[in-house]
Amino acid sequence: MFPMVANFTLLIKNDVTFEKFNVHRRNIQDWVSKRFLQTCFYDKDHPEYKYCPIFKFSTIFEEANVSESIFVTGGVIGININWDCDLDWSVKYCNPSYAFRRLDDANAPIAKGFNFRYANYYRVNDSLYRDLIKTYGIRFVINVQGIARKFHILPLTMNIGSGLALLGLAPTICDIIILNLLRYKDIYHRAKFEVITEEREKLAARKESRVKPYSVNAAGEVVVTAKGKKKKTEEISEVAPELSSSQQNC
1 MFPMVANFTL LIKNDVTFEK FNVHRRNIQD WVSKRFLQTC FYDKDHPEYK
51 YCPIFKFSTI FEEANVSESI FVTGGVIGIN INWDCDLDWS VKYCNPSYAF
101 RRLDDANAPI AKGFNFRYAN YYRVNDSLYR DLIKTYGIRF VINVQGIARK
151 FHILPLTMNI GSGLALLGLA PTICDIIILN LLRYKDIYHR AKFEVITEER
201 EKLAARKESR VKPYSVNAAG EVVVTAKGKK KKTEEISEVA PELSSSQQNC
């Protein structure tokens, strides 16, 4: 009889509704015909039979990695139906997937498997009798879960704004960690910051004056520097035509 149990079948009808998107789906597809239901059995590797809602016990046992001992001690098998739908595409692609696993401990030292008791009461010669029957069997627990998603501009803008805010905080956070927590924070501090004193400012000003062959005073006159001496020119265009043209434009 045990091999015959493997050929038993289980028909599962499941309906889900995603109210936010006003989408209703069932695990029996719209294209499924009556003839198809009479002949199909679930097969996860088949392009059409993977949507068949009729499951052989042998297929369930194989997917759940169940041994033949379940026929003797009984057991509990979970059937997970998962709906993962991207509604940016057509709803015809919103189809379920199935997974199977054994929920009870097959190696439990005591009270393993699944069983239940029931009683039959009857009378014989005005005496009440009871037969207590302990039954072993296979219990199926069906768990349905689903998620549907669709593009919306508001979450996109919020995610972009959050990302930009984090990028703006990143340099500040890195500076706090590097300049205060790391072992070589003094080296980083000297490399990042440069202390400018009054003497260094004067030295920088001298170097800048040596590089430029001319300068402009408060009166708008160009002063040409040559060998440490300054000479005033009456015609600005002869010394620095590009500078005079810019001043005239201003």
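Mapping to the UniProt record's numbering: the sequence shown position 125 is 125, numbers consecutive.
We treat Cβ as the ideally placed atom computed from N, Cα and C, and that holds for glycine.
Residue i versus residue j - alpha carbon distance
i, j, result
"arginine 206", "glutamate 199", "11 Å"
"aspartate 45", "phenylalanine 116", "36 Å"
"glutamate 68", "isoleucine 153", "54 Å"
"phenylalanine 21", "asparagine 159", "22 Å"
"cysteine 85", "glutamate 194", "57 Å"
"phenylalanine 41", "arginine 25", "21 Å"
"asparagine 80", "isoleucine 142", "6 Å"
"serine 90", "valine 72", "47 Å"
"alanine 191", "leucine 179", "11 Å"
"glutamate 19", "cysteine 174", "45 Å"
"glycine 168", "isoleucine 176", "14 Å"
"serine 33", "glycine 113", "38 Å"
"isoleucine 70", "alanine 170", "58 Å"
"threonine 39", "asparagine 7", "14 Å"
"lysine 56", "valine 66", "14 Å"
For residue i, the first and last residue of its enclosing alpha helix (DSSP H)
i, result
"alanine 170", "153-180"
Beta-carbon contacts of residue i that lie in its chain and below 6 Å, excluding the five residues immediately before and after
i, result
"isoleucine 12", "Pro53"
"tyrosine 129", "Tyr122"
"valine 16", "Arg25, Trp83 and Gly146"
Range covered by the beta strand (DSSP E) that runs through residue i
i, result
"isoleucine 81", "75-86"
"glutamine 145", "138-149"
"histidine 189", "Run containing histidine 189: none in the beta strand (DSSP E); it sits in the alpha helix (DSSP H), 185-192."
"leucine 10", "9-11"
"proline 96", "96-102"
"asparagine 115", "115-124"
"lysine 56", "54-56"
Anticipated Cβ contact below 8 Å, residue i with residue j, distance rounded
i, j, result
"glycine 75", "alanine 106", "7 Å"
"tyrosine 51", "glutamine 29", "5 Å"
"alanine 148", "leucine 87", "6 Å"
"leucine 10", "phenylalanine 140", "7 Å"
8 Å Cβ shell around residue i - same chain, five flanking residues per side excluded
i, result
"aspartate 43", "Tyr49, Lys50, Cys52 and Thr59"
"lysine 227", "Residue placement at lysine 227 is flagged as unreliable, the pLDDT there being 47, under the threshold of 50; a coordinate-derived value is accordingly withheld."
Which of helix, strand or coil DSSP assigns to residue i
i, result
"serine 90", "coil"
"serine 67", "coil"
"tyrosine 49", "helix"
"valine 32", "coil"
"phenylalanine 21", "coil"
"lysine 134", "strand"
"valine 16", "strand"
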